[in-house]
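Student: Protein chains in written order, with the numbering used here: chain A, 926 to 1141; chain B, 82 to 298.
Each residue gets a CB set at the ideal place from its N, CA and C atoms; glycine is no exception.
Mind looking over this structure? Questions follow.
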Amino acid sequence: MDIAGALSVDHLKFLAHGFMVTLYIAFISILLSFIIGTLLGTLRYAKIPVVSKIMAVIVETIRNMPLLLIIFFTFFALPEVGLKLSVTVAAISALTVFESAMLAEIVRGGLNSIDKGQIEAARSSGLTYTQTLRYIVMPQALRRMVPPIVSQFISLLKDTSLCVIIALPEFMHNAQIIYAQNVNYIFPIFIVVAFMYFIVNYGLSLVARRLENKQV
Amino acid sequence: MIDFSILIDNWDAYLEGFKNTVLASLIGLVGSFVIGVIVAVMRIAPIKPLNWIGTAYVEFIRNIPLLIIAFFFYVGLPAVGVTLPGFVAGTIALSIYTASFIAEAIRAGIQSVPKGQMEAARSSGLTYLQAMKTIILPQAIKIVIPPIGNQFINLVKNSSILGMIAGLDLMYFGDIVSSHTFITFDVYIFVGLFYLVLTIPLSLGVGYLEKRLARSH
């Protein structure tokens, strides 16, 4: 083991840069997924004939695919049908597609958790269905969705590491470049990288747990 | 459109990959269940140091990427002279990773049984282990099965990382087929379909169990 060599200033800077890319990609993806996921989840919840069924098929198909396959496919297969994306765009697109399906389920679960009596009450006091969703169901459901969304963000931070398959210069990718230089670097780098992920994700999981306890 | 001759011409490769994905998932399920039960028992047992070890395992493992664990066994261990085939390294990593989620599911299930029941069982003369076996676990098992089913679905999907460490699974054989045929799009559409053949029935099954158990409460 060569701890001093593995964790030289240059290497640490390189790792830090990779970590920033991981955070950046994960953050943009979760934001986009939140918007798309809310739309998909609400459409599925609203039980609109045909549309809700189509949404269900799309969401279930994506959720049941390995994320690695989606990332690989977006970058390597889509160019064959004329859609060539840069590594960054491919990574964000693939993660957004997958996470949107995941968030759609969280949104639908949140909406379903609101007592049906409230919808009936709102409807009988003269609100339209859309108004009921907008002013009665959504505001309450959104608050219940926050903890699972934070948990989903933790998964996303971990899953961003799968983008090494398309050589996105994120945390795991940069770690690989460093430990590939020297066998003695492997363990120190592994330990640092694992702890870095652990600290950030554990911190986030504490936040999620706190939010959950507050609500009960 | 999609060229089905790719599927037919490379049927053996796809089937081999599919078999190994199923095998890795099944071994991973058994492995993660065994480790998960041990860790869950450590977390609940009335012995403080065991609680700490169990908690440390769960919190550490589930907050790091599966890929690091897989690379640790595939790239890290050879540095100290232990070389594992990709399939073995990947399956061990899958078991260790999934175990942390299964341990949590089991712990949550056991702790969802009201505390009074354990106290009542103990004060009527049962030992801790007897009370666990005859009172708590039979009730907990119902709550625990759906989340373990969900973890199994994740396990099947996560087994795709075997493709990154020469683990002979569907992703790996997808790579082989696409390097033979020089086609990526169609080849991986079929890889995706093979995954869906596994995961969709599992999802439907878990969904059905969840509904049935929710009704019985």
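#1: Can you tell me where the alpha helix (DSSP H) holding P130 of chain B begins and where it ends?
#2: How many Å lie between L283 of chain B and A1092 of chain A at the Cα?
#3: Using a Cβ-Cβ cut-off of 6 Å (strictly less than) and excluding sequence neighbours within five positions of T963 of chain A, which residues of its own chain qualify?
#4: Rounded to whole angstroms, how far is the Cβ of L1067 of chain A from the Cβ of F959 of chain A, which I believe are closer than 8 Å?
#5: Classify V237 of chain B as buried or exposed, calling it buried when 16 or more other Cβ atoms lie within 10 Å of its own Cβ.
#6: On the three-state DSSP scale, how would you describe D935 of chain A?
#7: Would you kindly work out how many angstroms separate the C-alpha atoms of L1008 of chain A and V1132 of chain A, rounded to a whole number?
#8: Can you name the residues of chain B whose CB is closer than 8 Å to the CB of M990 of chain A?
#9: Check each candidate in A:Y1104, A:V1089, A:V1118 and name the one with the smallest Cα separation from V1012 of chain A.
#10: Suppose only complete runs of 4+ residues qualify. What are the alpha helix (DSSP H) ranges in the stretch 188 to 267 of chain B, listed by chain order?
#11: Can you tell which of B:M82, B:A94, B:D84 has the C-alpha that lies nearest to the C-alpha of Y253 of chain B?
#12: Which chain A residues are close to M123 of chain B, counting only those with a beta carbon under 8 Å from its beta carbon?
#13: Are the C-beta atoms of V103 of chain B and some chain A residue less than 8 Å apart?
#14: Rounded to a whole number of angstroms, what is the C-alpha to C-alpha distance between T164 of chain B and L274 of chain B?
#15: Three-state secondary structure (DSSP) at K1041 of chain A?
#16: If you check the beta carbons only, do L149 of chain B and V1118 of chain A fall under 8 Å apart?
#17: Does any CB atom of chain B fall closer than 8 Å to the CB of Y1122 of chain A?
#18: Would you report the Cα separation of A295 of chain B and P159 of chain B, rounded to the nearest angstrom?
#19: So for L1136 of chain A, helix, strand or coil by DSSP?
#20: Nearest chain A C-beta to M199 of chain B closer than 8 Å, yes or no?
#21: Flag S176 of chain B as yes if its beta-carbon sits less than 8 Å from any beta-carbon of chain A, otherwise no.
#22: Less than 8 Å between the C-beta atoms of R188 of chain B and I125 of chain B, yes or no?
#23: Taking C-beta to C-beta, are T999 of chain A and L1010 of chain A nearer than 8 Å?
#24: Using a Cβ cut-off of 8 Å (strictly closer), state whether E1024 of chain A contacts chain B.
#25: So with CB distances below 8 Å, who are the chain A contacts of I149 of chain B?
#26: Should D256 of chain B be counted as a contact of the ligand MG given a C-beta to heavy atom distance under 7 Å?
#27: What's the C-alpha gap between A247 of chain B and N1138 of chain A?
#28: Could you spell out the range, first to last residue, of the alpha helix (DSSP H) harbouring Y95 of chain B?
#29: Which one of B:V194, B:G206, B:L243, B:A180 has the shortest CA to CA distance from G171 of chain B?
#30: Can you tell me which of B:I257, B:I145, B:Q232, B:A201 puts its alpha carbon nearest to the alpha carbon of F1096 of chain A?
#31: I'd like to check one pair, I119 of chain B with F186 of chain B: are the Cβ atoms closer than 8 Å?
#32: Using a Cβ cut-off of 8 Å (strictly closer), state whether A1093 of chain A contacts chain B.
#33: In this structure, how does DSSP classify N1107 of chain A when only helix, strand and coil are distinguished?
#34: On the premise that T280 of chain B lies in contact with Q232 of chain B, defined as a C-beta separation below 8 Å, what is that separation, rounded to the nearest angstrom?
#35: If you reduce the DSSP assignment to three classes, tell me which class G1051 of chain A lands in.
#36: From T967 of chain A to G1035 of chain A, what does the alpha carbon distance come to, in whole angstroms?
Tutor: The short version:
#1: Here the question's residue 130 of chain B lines up with position 49 in the second sequence. 129 to 143 is the span of the alpha helix (DSSP H), which, as asked, contains P130 of chain B.
#2: Looking up residue 283 of chain B in the second sequence gives position 202. Looking up residue 1092 of chain A in the first sequence gives position 167. Distance from the CA atom of L283 of chain B to the CA atom of A1092 of chain A, rounded to whole angstroms, is 32 Å.
#3: Translated into the one-based positions of the first sequence, residue 963 of chain A becomes position 38. Answer for T963 of chain A: V1032, listed in chain order.
#4: As a first step, residue 1067 of chain A must be located in the first sequence, where it is residue number 142. As a first step, residue 959 of chain A must be located in the first sequence, where it is residue number 34. Going by Cβ atoms, the distance from L1067 of chain A to F959 of chain A rounds to 10 Å, so no, they are not a contact pair.
#5: Residue numbering aside, residue 237 of chain B sits at position 156 when the second sequence is read from its first letter. Flag for V237 of chain B reads buried.
#6: Looking up residue 935 of chain A in the first sequence gives position 10. Helix.
#7: Taking the first residue of the first sequence as position 1, residue 1008 of chain A is located at position 83. Taking the first residue of the first sequence as position 1, residue 1132 of chain A is located at position 207. Pairing L1008 of chain A with V1132 of chain A, the inter-Cα distance amounts to about 39 Å.
#8: Translated into the one-based positions of the first sequence, residue 990 of chain A becomes position 65. Those within 8 Å of M990 of chain A in chain B are K238, G273, Y276, L277, T280.
#9: Locating residue 1012 of chain A in the first sequence gives position 87, counting from the first residue. Selection A:Y1104, A:V1089, A:V1118 evaluated against V1012 of chain A yields A:V1089 as nearest (Cα-Cα).
#10: Listed in chain order, the complete alpha helix (DSSP H) runs (minimum 4 residues) inside the stretch 188 to 267 of chain B are 196 to 204, 209 to 212, 218 to 239, 251 to 262.
#11: Looking up residue 253 of chain B in the second sequence gives position 172. Among B:M82, B:A94, B:D84, the Cα nearest to that of Y253 of chain B belongs to B:A94.
#12: Taking the first residue of the second sequence as position 1, residue 123 of chain B is located at position 42. Residues of chain A passing the Cβ test: none, with the nearest at roughly 19 Å.
#13: Translated into the one-based positions of the second sequence, residue 103 of chain B becomes position 22. Taking Cβ atoms only, chain A never reaches closer than 8 Å to V103 of chain B, which makes this a no.
#14: In the second sequence, residue 164 of chain B corresponds to position 83, counting from 1. In the second sequence, residue 274 of chain B corresponds to position 193, counting from 1. Spanning the two alpha carbons is a distance of roughly 33 Å.
#15: For this step, residue 1041 of chain A is matched to residue 116 along the first sequence. Reduced to three states, the DSSP call for K1041 of chain A is helix.
#16: For this step, residue 149 of chain B is matched to residue 68 along the second sequence. For this step, residue 1118 of chain A is matched to residue 193 along the first sequence. In the sequence as displayed, the identity of residue 149 of chain B is Ile instead of Leu. The answer is yes: Cβ separation under 8 Å.
#17: Stepping through the first sequence from its first residue, residue 1122 of chain A is reached at position 197. With its beta carbon less than 8 Å from one in chain B, Y1122 of chain A belongs to the interface.
#18: For the purposes of this step, residue 295 of chain B is taken as the residue at position 214 of the second sequence. For the purposes of this step, residue 159 of chain B is taken as the residue at position 78 of the second sequence. Their Cα atoms are separated by approximately 48 Å.
#19: Along the first sequence, one-based indexing puts residue 1136 of chain A at 211. Taken through DSSP and simplified to helix, strand or coil, L1136 of chain A comes out as helix.
#20: The residue you call residue 199 of chain B lines up with position 118 of the second sequence. It does not: the Cβ of M199 of chain B has no partner Cβ on chain A nearer than 8 Å.
#21: The count along the second sequence starts at 1 and reaches residue 176 of chain B at position 95. By this cut-off, S176 of chain B is not an interface position.
#22: The residue you call residue 188 of chain B lines up with position 107 of the second sequence. The residue you call residue 125 of chain B lines up with position 44 of the second sequence. Their beta carbons are under 8 Å apart, which means R188 of chain B touches I125 of chain B by this criterion.
#23: Locating residue 999 of chain A in the first sequence gives position 74, counting from the first residue. Locating residue 1010 of chain A in the first sequence gives position 85, counting from the first residue. It is a contact, given that the beta carbons lie within the stated cut-off.
#24: Against the first sequence, residue 1024 of chain A aligns to sequence position 99. Chain B contact via Cβ: absent.
#25: Along the second sequence, one-based indexing puts residue 149 of chain B at 68. Against chain A, the beta carbon of I149 of chain B has neighbours under 8 Å at S1086, M1097, F1115, V1118, A1119, Y1122, listed in chain order.
#26: Among the ligands in the structure shown, none appear at all, so the ligand MG cannot be discussed.
#27: Residue mapping note: residue 247 of chain B aligns to position 166 of the second sequence, counting from 1. Residue mapping note: residue 1138 of chain A aligns to position 213 of the first sequence, counting from 1. About 43 Å.
#28: Your numbering for residue 95 of chain B matches position 14 in the second sequence. Segment 92 to 125, the alpha helix (DSSP H) holding Y95 of chain B.
#29: Reading the second sequence from its first residue, position 90 is the one you call residue 171 of chain B. Among B:V194, B:G206, B:L243, B:A180, the Cα nearest to that of G171 of chain B belongs to B:L243.
#30: Numbered from its first residue, the first sequence carries residue 1096 of chain A at position 171. Residue B:I145 holds the alpha-carbon nearest to the alpha-carbon of F1096 of chain A among B:I257, B:I145, B:Q232, B:A201.
#31: Translated into positions along the second sequence, residue 186 of chain B becomes position 105. Translated into positions along the second sequence, residue 119 of chain B becomes position 38. For clarity, residue 186 of chain B is Ala in the given sequence; the question names Phe instead. Contact check for A186 of chain B against I119 of chain B fails: the beta carbons are separated by 8 Å or more.
#32: Indexing the first sequence from 1 puts residue 1093 of chain A at position 168. Residue identity check: residue 1093 of chain A is Leu in the sequence provided, not Ala. No, no contact with chain B.
#33: The residue you call residue 1107 of chain A lines up with position 182 of the first sequence. N1107 of chain A: coil per DSSP, three-state reduction.
#34: Numbered from 1 along the second sequence, position 151 holds the residue referred to as residue 232 of chain B. Numbered from 1 along the second sequence, position 199 holds the residue referred to as residue 280 of chain B. So it is not a contact: roughly 13 Å between Cβ atoms.
#35: Locating residue 1051 of chain A in the first sequence gives position 126, where the first residue counts as 1. In the structure shown, G1051 of chain A adopts coil according to DSSP, grouped into three states.
#36: The count along the first sequence starts at 1 and reaches residue 967 of chain A at position 42. The count along the first sequence starts at 1 and reaches residue 1035 of chain A at position 110. Straight-line Cα distance between these residues: approximately 10 Å.
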